[in-house]
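Data block below; observations after.
2 protein chains.
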Amino acid sequence: MKGLVIAAGDGTRLHPYTKKKCKALVPLLGLSLVERVILSAKEAGIKEFVIVSGYEGSLLKERIGDGTSYGVKIEWVHNPDWEEGNGVSVFKARDHFESEERFVLMMCDHMFDPDNLRLLLQRKDKKNILCVDKKIDEVFDLDDATKVLVEGDKIVEIGKGLKKFNAIDCGMFLCSYSLFESLEKSIRENKDSLSDGVEVLIDKNEMRACDVKGGFWADIDTPKSLKFVKMRLIQSLPNPREGIISRKINRKVSLQITKYLSSTSLTPNQISFLSFLVGLAAAVLFGLGRFPWVLYAGLLAQFSSILDGVDGEVARLKLIKSNYGDFIDSIFDRYVDGFIILGMTFGVYFVSHNLWVWIIGWIALVGASLSSFYKEKYKVATGKTYISQKYDGWLRYIFAGRDSRLFLIMLGGVLNQVLVVLCIIALTSNVLAIYRFFSFRRFLD
Amino acid sequence: MKGLVIAAGDGTRLHPYTKKKCKALVPLLGLSLVERVILSAKEAGIKEFVIVSGYEGSLLKERIGDGTSYGVKIEWVHNPDWEEGNGVSVFKARDHFESEERFVLMMCDHMFDPDNLRLLLQRKDKKNILCVDKKIDEVFDLDDATKVLVEGDKIVEIGKGLKKFNAIDCGMFLCSYSLFESLEKSIRENKDSLSDGVEVLIDKNEMRACDVKGGFWADIDTPKSLKFVKMRLIQSLPNPREGIISRKINRKVSLQITKYLSSTSLTPNQISFLSFLVGLAAAVLFGLGRFPWVLYAGLLAQFSSILDGVDGEVARLKLIKSNYGDFIDSIFDRYVDGFIILGMTFGVYFVSHNLWVWIIGWIALVGASLSSFYKEKYKVATGKTYISQKYDGWLRYIFAGRDSRLFLIMLGGVLNQVLVVLCIIALTSNVLAIYRFFSFRRFLD
Numbered sequence: 055m056k057g058l059v060i061a062a063g064d065g066t067r068l069h070p071y072t073k074k075k076c077k078a079l080v081p082l083l084g085l086s087l088v089e090r091v092i093l094s095a096k097e098a099g100i101k102e103f104v105i106v107s108g109y110e111g112s113l114l115k116e117r118i119g120d121g122t123s124y125g126v127k128i129e130w131v132h133n134p135d136w137e138e139g140n141g142v143s144v145f146k147a148r149d150h151f152e153s154e155e156r157f158v159l160m161m162c163d164h165m166f167d168p169d170n171l172r173l174l175l176q177r178k179d180k181k182n183i184l185c186v187d188k189k190i191d192e193v194f195d196l197d198d199a200t201k202v203l204v205e206g207d208k209i210v211e212i213g214k215g216l217k218k219f220n221a222i223d224c225g226m227f228l229c230s231y232s233l234f235e236s237l238e239k240s241i242r243e244n245k246d247s248l249s250d251g252v253e254v255l256i257d258k259n260e261m262r263a264c265d266v267k268g269g270f271w272a273d274i275d276t277p278k279s280l281k282f283v284k285m286r287l288i289q290s291l292p293n294p295r296e297g298i299i300s301r302k303i304n305r306k307v308s309l310q311i312t313k314y315l316s317s318t319s320l321t322p323n324q325i326s327f328l329s330f331l332v333g334l335a336a337a338v339l340f341g342l343g344r345f346p347w348v349l350y351a352g353l354l355a356q357f358s359s360i361l362d363g364v365d366g367e368v369a370r371l372k373l374i375k376s377n378y379g380d381f382i383d384s385i386f387d388r389y390v391d392g393f394i395i396l397g398m399t400f401g402v403y404f405v406s407h408n409l410w411v412w413i414i415g416w417i418a419l420v421g422a423s424l425s426s427f428y429k430e431k432y433k434v435a436t437g438k439t440y441i442s443q444k445y446d447g448w449l450r451y452i453f454a455g456r457d458s459r460l461f462l463i464m465l466g467g468v469l470n471q472v473l474v475v476l477c478i479i480a481l482t483s484n485v486l487a488i489y490r491f492f493s494f495r496r497f498l499d
Numbered sequence: 055m056k057g058l059v060i061a062a063g064d065g066t067r068l069h070p071y072t073k074k075k076c077k078a079l080v081p082l083l084g085l086s087l088v089e090r091v092i093l094s095a096k097e098a099g100i101k102e103f104v105i106v107s108g109y110e111g112s113l114l115k116e117r118i119g120d121g122t123s124y125g126v127k128i129e130w131v132h133n134p135d136w137e138e139g140n141g142v143s144v145f146k147a148r149d150h151f152e153s154e155e156r157f158v159l160m161m162c163d164h165m166f167d168p169d170n171l172r173l174l175l176q177r178k179d180k181k182n183i184l185c186v187d188k189k190i191d192e193v194f195d196l197d198d199a200t201k202v203l204v205e206g207d208k209i210v211e212i213g214k215g216l217k218k219f220n221a222i223d224c225g226m227f228l229c230s231y232s233l234f235e236s237l238e239k240s241i242r243e244n245k246d247s248l249s250d251g252v253e254v255l256i257d258k259n260e261m262r263a264c265d266v267k268g269g270f271w272a273d274i275d276t277p278k279s280l281k282f283v284k285m286r287l288i289q290s291l292p293n294p295r296e297g298i299i300s301r302k303i304n305r306k307v308s309l310q311i312t313k314y315l316s317s318t319s320l321t322p323n324q325i326s327f328l329s330f331l332v333g334l335a336a337a338v339l340f341g342l343g344r345f346p347w348v349l350y351a352g353l354l355a356q357f358s359s360i361l362d363g364v365d366g367e368v369a370r371l372k373l374i375k376s377n378y379g380d381f382i383d384s385i386f387d388r389y390v391d392g393f394i395i396l397g398m399t400f401g402v403y404f405v406s407h408n409l410w411v412w413i414i415g416w417i418a419l420v421g422a423s424l425s426s427f428y429k430e431k432y433k434v435a436t437g438k439t440y441i442s443q444k445y446d447g448w449l450r451y452i453f454a455g456r457d458s459r460l461f462l463i464m465l466g467g468v469l470n471q472v473l474v475v476l477c478i479i480a481l482t483s484n485v486l487a488i489y490r491f492f493s494f495r496r497f498l499d
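Line by line, the protein sequences give chains S and F.
Per my numbering, the first sequence starts with residue 55, numbered consecutively.
Per my numbering, the second sequence starts with residue 55, numbered consecutively.
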């Protein structure tokens with residue numbers, strides 16, 4: 055199915071962000087608005103787009119191109135009459151669609167969670183369907199929003215000035231060609247907004263609503279709304295299933311770094327590599343064995359752990375998550391784990407010359423590497439991600455996850471108690487490994 | 055769907071195996087014939103059985119019970135007239151089936167690959183369907199087999215004495231209740247074999263054939279055929295996708311051990327544990343550092359590697375494969391790998407007092423543990439088993455699989471060159487890890 059994106063407006067209310075460029079190119083955390091719309095739709099399965107440009111259209115077309123760099127196909131339509139209502143921009147695209155074809159209509163200034171579009175695409179009825187949000191209280195800048203009155207899933211009225219309404223227009227439609235016919239009719243009557251065309255469809259009993267069920271969406275019209283969306287996107291990044299150290303400590307720092315790095319050209323894979331290098335540096339400093347080197351080593355280990363969250367956050371924020379990215383991240387983690395524990399062991403031995411240190415370090419390494427091995431085993435067996443909080447009983451409190459382990463390692467360095475931490479890791483990681491050895495039976499019968 | 059198993063015969067031709075017990079209880083590699091039939095059918099999805107006993111029926115019922123120990127449900131029918139034709143035994147079970155019910159009819163002396171039954175169960179036509187083998191040349195003891203003439207998938211004639219035939223009866227049917235009605239008719243006419251009942255169905259155009267497409271099956275009637283099946287089952291155990299050392303060396307020994315252990319009560323999980331203990335013993339001996347201890351250590355490491363194949367072979371041979379069994383096997387492997395490399399490192403250091411040995415050993419351990427981690431990652435991404443021969447390019451020849459690694463370790467011990475082998479493992483396992491780091495992109499985009 056194709057997506058039709060309206061990107062013709064000048065966005066005067068977004069000044070100064072729209073100085074010398076159209077609204078679609080306003081940057082938002084490393085991507086322009088139109089890029090966010092394209093990539094969000096791509097996540098939900100839309101791979102072909104028709105984009106209608108208007109104000110400063112040639113700059114827009116030059117920047118976005120034919121879609122190759124986003125892994126999609128883009129056709130362009132220019133609307134020189136972009137100063138008229140937005141219904142005209144939609145109407146100009148009609149030659150790019152067949153009369154039987156259904157398509158998704160999106161606005162370049164309406165951000166959305168790909169799940170909203172997935173919900174919409176599940177609808178099999180052949181009417182025109184508008185995404186609406188029934189949680190009216192949570193809508194930003196309600197005064198300016200387009201209101202909708204819905205009965206059942208039928209749209210009865212639409213308009214900015216509605217007195218009686220129970221939903222808000224999210225700016226995304228699943229359409230049939232009849233939308234163009236309705237627009238033709240309303241434009242002929244000098245009513246040239248998209249809402250005018252939609253009203254024609256309402257009169258013909260052809261408009262339906264699809265509630266986004268609390269899914270995120272936002273209309274960006276003013277610097278204030280831009281700021282609001284920025285905050286919401288950042289807030290949505292943390293994964294509630296991460297370990298306690300990740301959630302309570304690392305995220306506070308990593309979100310700031312992510313916010314900063316998202317507007318650079320650094321890719322998530324490059325950030326993974328950076329985290330790897332920082333981890334290696336920590337390992338080398340631990341290997342020196344003495345204070346204050348181990349202090350620096352501990353801090354670097356923790357910093358590597360924080361950066362280990364940033365790569366994924368940037369990928370999610372810029373809508374470029376990939377399985378390969380997850381994969382190389384986890385391989386880097388294995389090497390960092392291995393070398394940091396080696397560095398700690400070497401350093402302690404270097405100072406103490408006690409051979410037992412090697413045995414302890416070794417056991418810690420075997421235990422730590424089993425932790426990730428178990429998680430993969432679980433994923434193979436069930437297709438899902440292992441949640442320590444759910445399955446490890448009270449052992450979830452023994453700090454054996456990777457985030458907790460690196461936090462302990464940091465403490466070990468800062469307090470100059472590296473051997474103690476090595477012993478703790480050797481013990482807890484293997485206790486957990488042995489527990490899972492038996493507990494996994496329930497997933498595997 | 056229920057399975058009906060005919061286990062009434064005395065099996066005189068299998069004397070002395072059938073002395074004082076019925077044919078169904080003749081042992082074959084750790085299981086009785088009827089147990090093999092039950093567990094093979096269970097693998098294909100049949101969980102409820104009706105078994106018709108006859109000769110020495112109470113002993114049979116006592117041994118097999120209600121099926122709990124096999125994870126299935128068994129109902130019993132006794133046929134005191136077991137000396138009559140086998141059609142009578144089938145007919146006696148009729149009260150255990152509804153008139154609309156379809157069921158699988160099996161013979162306790164006909165062994166089969168579960169895939170044959172899976173093929174049969176895929177058939178949706180409502181006729182009676184007989185499994186047949188069209189590869190006539192490969193049938194053991196053709197003279198004694200029941201021949202079938204098939205046209206299209208329709209059975210035209212059946213009988214031991216057929217002159218013109220193009221398939222052999224494999225002794226397994228997908229039946230409807232009409233089989234009982236046909237048997238009633240033929241028995242009334244004093245024709246009391248199952249083939250007689252089948253002939254009635256042929257006359258009514260209700261018999262179809264399902265080719266097993268080369269799948270293994272065998273009718274066990276004589277000590278000779280018992281020996282043949284034993285050999286075939288053992289031969290079918292090796293997995294052609296295993297590493298070269300497993301296939302060319304370990305299997306030759308492990309199959310002998312498997313053959314022996316299958317008739318003991320040792321479970322596959324206990325064998326995994328044994329392999330683990332042998333591996334630990336190898337690690338301790340390597341830790342002593344000097345010849346001839348490292349020689350013994352190397353031999354034990356190789357023996358552990360061989361035993362590591364036996365657990366799976368016994369499980370497959372006794373039809374008790376389980377995901378949990380595979381899982382604990384792989385966890386034991388991780389510990390054995392970790393401790394053997396630790397033992398080697400410790401031993402070399404103990405003799406040489408060169409700190410670098412620890413670094414080399416450590417790198418070898420990280421590389422070795424990544425090898426299995428990659429395989430799990432691949433399984434998560436694709437749902438399939440990673441085949442080094444297929445995906446690792448020429449690196450498949452660098453001996454980095456677990457079987458090859460333990461073989462190298464054995465050589466290292468036997469030739470008293472433990473450090474050299476440690477260096478090789480450190481190098482090859484990490485070269486492979488880095489290769490896969492990039493090559494996995496194709497599985498993960």
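Heads up, the beta-carbon is just placed ideally off N, CA and C, and yes, glycines get one too.
What does the alpha-carbon distance come out to for the pair residue i and residue j?
| i | j | result |
| --- | --- | --- |
| Ser359/F | Ser329/F | 7 Å |
| Leu196/F | Ser143/F | 25 Å |
| Gly213/S | Leu248/S | 10 Å |
| Asp163/S | Ala78/S | 7 Å |
| Phe453/S | Leu462/S | 8 Å |
| Val202/S | Lys75/S | 31 Å |
| Cys477/S | Ile374/F | 40 Å |
| Lys313/S | Ala95/S | 22 Å |
| Glu129/S | Glu116/S | 12 Å |
| Ala480/S | Leu486/S | 10 Å |
Could you tell me whether any Cβ in chain S is nearer than 9 Å to the Cβ of residue i?
| i | result |
| --- | --- |
| Asn408/F | no |
| Phe427/F | yes |
| Ala272/F | no |
| Leu476/F | no |
| Ile374/F | no |
| Thr399/F | yes |
| Val420/F | yes |
| Ile414/F | no |
| Tyr314/F | no |
Which bits of chain F does residue i rub up against, with CB to CB less than 8 Å?
| i | result |
| --- | --- |
| Val434/S | Glu430, Lys433, Val434 |
| Tyr378/S | Phe494, Arg495, Leu498, Asp499 |
| Val252/S | The premise fails here: Val252/S is roughly 39 Å from chain F at the closest Cβ pair, so nothing lies under 8 Å. |
| Trp347/S | Result: empty, since nearest Cβ-Cβ is about 18 Å, beyond 8 Å. |
Closer than 9 Å, CB to CB, is residue i near chain F or not?
| i | result |
| --- | --- |
| Phe393/S | yes |
| Ala336/S | no |
| Ile311/S | no |
| Arg456/S | no |
For residue i, which residues of its own chain have a beta-carbon under 6 Å away from its beta-carbon, when the five flanking residues on both sides are left out?
| i | result |
| --- | --- |
| Trp136/F | Ala62, Gly108, Tyr109 |
| Glu89/F | none |
| Asp169/F | Gly269 |
| Ile299/S | Asp457, Ser458, Phe461 |
Cutting at 7 Å between CB atoms, please list the residues of its own chain near residue i, excluding the five before and the five after it.
| i | result |
| --- | --- |
| Met464/S | Gly352, Leu353, Ala355, Gln356 |
| Cys229/F | Arg156, Phe157, Leu159, Asn182 |
Using a Cβ-Cβ cutoff of less than 8 Å, which residues in the same chain neighbour residue i once the five nearest sequence positions on both sides are dropped?
| i | result |
| --- | --- |
| Phe497/F | Tyr432, Ala435, Thr436 |
Identify the contact partners of residue i in chain S, using a Cβ-Cβ distance below 7 Å as the criterion.
| i | result |
| --- | --- |
| Leu473/F | Chain S residues near Leu473/F: none, gap ~16 Å exceeds 7 Å. |
Practice item. Using a Cβ-Cβ cut-off of less than 8 Å, give me the residues of the region 185–197 of chain S that come near chain F, in sequence order. Key: Residues of the region 185–197 of chain S whose Cβ lies closer than 8 Å to any Cβ of chain F: none.
Exercise for review: Identify each residue in the region 270–304 of chain F for which the Cβ-Cβ distance to at least one residue of chain S is less than 9 Å, and report them in chain order.
Suggested key: none
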